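Here is the structure we will look at.
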Amino acid sequence: MPGYFSDNEFAVNAIELEYRKAEKYIDFINLTGSNPTHEGLIFPSDILKKTAISYLAKRRYDPDPKGLYSARLAVSDYYKNRTPSVEISTDNITITASTSESYGLLFALLADPGDNILAPKLSYPLFEHLAAIYRIELRPYEMDENNGWLIKENSILSEYDARTRAIIIVSPHNPTGMVVKNPISVLNRLGLPVICDEVFSEFSCAAEYVAPFGTLHPELTVFHLNGISKMFGLPDLKLGWIATSGAGSKDFEKRLDLLNDTYLGANYMTQSMLSSIFSEGTDFVRQMRERICTNIDLAVQLLLQHPDITVTRPEGGYYLFPKIKNREDEEKLVLHLLSSKRVLVHPGYFYDCEDNVHIMISCLTETKKLAEGVKRIVAAI
Numbered sequence: 000m001p002g003y004f005s006d007n008e009f010a011v012n013a014i015e016l017e018y019r020k021a022e023k024y025i026d027f028i029n030l031t032g033s034n035p036t037h038e039g040l041i042f043p044s045d046i047l048k049k050t051a052i053s054y055l056a057k058r059r060y061d062p063d064p065k066g067l068y069s070a071r072l073a074v075s076d077y078y079k080n081r082t083p084s085v086e087i088s089t090d091n092i093t094i095t096a097s098t099s100e101s102y103g104l105l106f107a108l109l110a111d112p113g114d115n116i117l118a119p120k121l122s123y124p125l126f127e128h129l130a131a132i133y134r135i136e137l138r139p140y141e142m143d144e145n146n147g148w149l150i151k152e153n154s155i156l157s158e159y160d161a162r163t164r165a166i167i168i169v170s171p172h173n174p175t176g177m178v179v180k181n182p183i184s185v186l187n188r189l190g191l192p193v194i195c196d197e198v199f200s201e202f203s204c205a206a207e208y209v210a211p212f213g214t215l216h217p218e219l220t221v222f223h224l225n226g227i228s229k230m231f232g233l234p235d236l237k238l239g240w241i242a243t244s245g246a247g248s249k250d251f252e253k254r255l256d257l258l259n260d261t262y263l264g265a266n267y268m269t270q271s272m273l274s275s276i277f278s279e280g281t282d283f284v285r286q287m288r289e290r291i292c293t294n295i296d297l298a299v300q301l302l303l304q305h306p307d308i309t310v311t312r313p314e315g316g317y318y319l320f321p322k323i324k325n326r327e328d329e330e331k332l333v334l335h336l337l338s339s340k341r342v343l344v345h346p347g348y349f350y351d352c353e354d355n356v357h358i359m360i361s362c363l364t365e366t367k368k369l370a371e372g373v374k375r376i377v378a379a380i
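If you use numbering that gives the first Met the number 0, the sequence shown corresponds to residues 0 to 380, in order.
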């Protein structure tokens, strides 16, 4: 059978099978959550209701390939108020339905079938799936666990060739929490466009702030990706954006407009609400950040009580990625936690981490539930 993933068997793995058994118990704890609406973090409904009513009272659909101007202006103002500030014109902002769609548009914009894009080896399956859809090769560069998961510049050089069209930087990184704070010198040498995923930029705990990547590399074309799913806990309202900085932004503007106009995927009502979400949602973002930072401190403190667990506070994001010593098999460990303690975590290999034994824990989880789950992990190990 031809077509996308036609050779995939879609078999259910052992962890999923054990999870289906464990989740039936009342004391089951899921420590992998990435959906704020499942963890009691609900954006204020009065803000959404007010802005939705205003839109519906004067409803009119007049699409712009870049996205509604008021939405683009809200995004432009957001970058103007970041630390450090970066000026991104509304002409260089593209409103999309999601960060995933943003990636797809940029893969189509930057690469032809058979070309390659560099991406961190530790990542989630999204990149792999999108690369398969667009028939491009994804080449992984390494990160240094012994140096705070910093990007190995020599690895970028070794993966680069004549058909490399762009590089993906995730900052804060998922799942390690690494934040890029300094320029990456090899990028200036290569001159590649940069796709910077910063969906966790508002959740910096160990780092004072997350700098927009374009401020570190103003000489490069940088496509900043973000959206309201993570930032405002609104995954159901489906809105993201591409904010392009750097001298080369004009070179891509018209083709990116055409690509986005082909789909026009972003919900028009949500676009009309974005300005109010930004202006009135800051308290909610602060509350989310406070919970996440509190949870990270708590979970790290509990994990470090066991001599075989090594973990550091992530600089950004809401995941922990502890290393477990004296274990050889991540899957057996995760299955043991499910069967004996009814706690779900992700193994490191879900993120293509091949060195040592790691697990992923989400600190988005409700605090009491997180504490109980981590205590069970420590007891099991």
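No residue lacks a Cβ here, since even glycine has one placed at the ideal position from N, Cα and C. This one's a predicted model, so the numbers in the text were calculated from it and none came from an experiment.
Return the residue from the list Lys324, Glu100, His172, Pro139 that minimises the CA-CA distance to Ile132.
Glu100
At 3 residues or longer, and completely inside the segment 225-310: list those beta strand (DSSP E) runs for me, N to C.
239-244
Where do the ends of the alpha helix (DSSP H) carrying Asp160 lie?
Note, Asp160: premise wrong, no alpha helix (DSSP H); not H, not E.
Proximal residues to Pro321 (C-beta, below 8 Å), its chain only, five neighbours per side dropped
Leu302, Ile308, Thr309, Val310, His357, Ile358, Ile360
Between Leu334 and Glu17, which are expected to be in contact by the criterion C-beta below 8 Å, what is the C-beta distance as a whole number of angstroms?
5 Å
Which residues DSSP lists as bridging Lys322, in chain order:
Thr309, His357
Determine the closest residue to Pro43 out of Lys331, Arg285, Tyr24, Leu109, with distance taken between C-alpha atoms.
Arg285
So that I know if they touch, is there some Cβ in chain C lying closer than 8 Å to that of Ala107?
Looking at the structure shown, chain C is missing, and only one protein chain is on hand.
Mark Asp196 as exposed unless 16 or more other C-beta atoms lie within 10 angstroms of its C-beta, in which case mark it buried.
buried
Evaluate Ile25 with the Cβ neighbour count: other Cβ atoms within 10 Å of its Cβ, from every protein chain shown; 16 or more gives buried, anything less gives exposed.
exposed
Where do the ends of the beta strand (DSSP E) carrying Val74 lie?
Not the beta strand (DSSP E): Val74 falls in the alpha helix (DSSP H), residues 68-79.
Are the beta-carbon atoms belonging to Asn386 and Thr366 less than 8 Å from one another?
Here the chain has residues from 0 to 380 only, and residue 386 is not among them.
Distance check for Leu47 and Gly232, CA to CA, integer angstroms please.
12 Å
Please report the distance separating the alpha-carbon of Lys151 from that of Thr281.
35 Å
What are the start and end residues of the alpha helix (DSSP H) that includes Val11?
Val11 -> no alpha helix (DSSP H), and no H or E assigned at all.
Rounded distance between the beta-carbons of Thr220 and Gly247, thought under 8 Å
4 Å
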